[in-house]
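In the numbering used here, each residue carries its 1-based index in the sequence shown increased by 93. Every residue gets a Cβ at the ideal spot worked out from N, C-alpha and C, and that includes glycine. Remember, it's a predicted structure, so these values are computed and weren't measured experimentally.
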Amino acid sequence: MGKNILIVDDAAFMRMMIKDILTKNGYNVVGEAENGIKAVEKYNEFKPDLVIMDITMPEMDGIEAVKTIKGNDGNAVIIMCSAMGQQAMVIESIQAGAKDFIVKPFQAERVIEAVSKVIG
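Here you go:
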């Protein structure tokens, strides 16, 4: 059975792109969320092996969501995604507990490399 992944991004087409890359590579996307609040709810509901989380989102950003999820489950595995030029936020998200980050626009090889590195 493939690993279960939750995708969090406020842009539906970004979620669709990541989902497509992951499913083609044998991963199972168990849920999607469009903001940090929903991400925390879905994480608690599905307990995925991995969360791929956007940094900049409405209602609750990715960094706050990482802190909340890691606070509830210290073993949570999270990869952040960000657009170019958000280095400070990437550093902050790693400090908050994220394991890796991928830069938009996504390159399939980089997504799979990051995912396989953190969850196999």
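Problem set entry | Of the listed residues Ser209, Ile212 and Ala126, nearest to aspartate 154 (C-alpha basis) | Out of Ser209, Ile212 and Ala126, Ala126 has the C-alpha closest to the C-alpha of aspartate 154.
For this session: List the residues that DSSP assigns as beta-bridge partners of phenylalanine 194.
Result: Met173
Exercise. Where do the N-terminal and C-terminal ends of the beta strand (DSSP E) with asparagine 121 fall, by residue?
Worked result: Note, asparagine 121: beta strand (DSSP E), 121-126.
For this session: Could you check the C-alpha separation between methionine 182 and glycine 95 for me, to the nearest Å?
Result: 30 Å
Problem set entry | Cβ shell of valine 159 (< 7 Å), same chain only, five flanking positions each side left out | Met146, Ile171, Ser186, Ala189, Gly190 and Ala191
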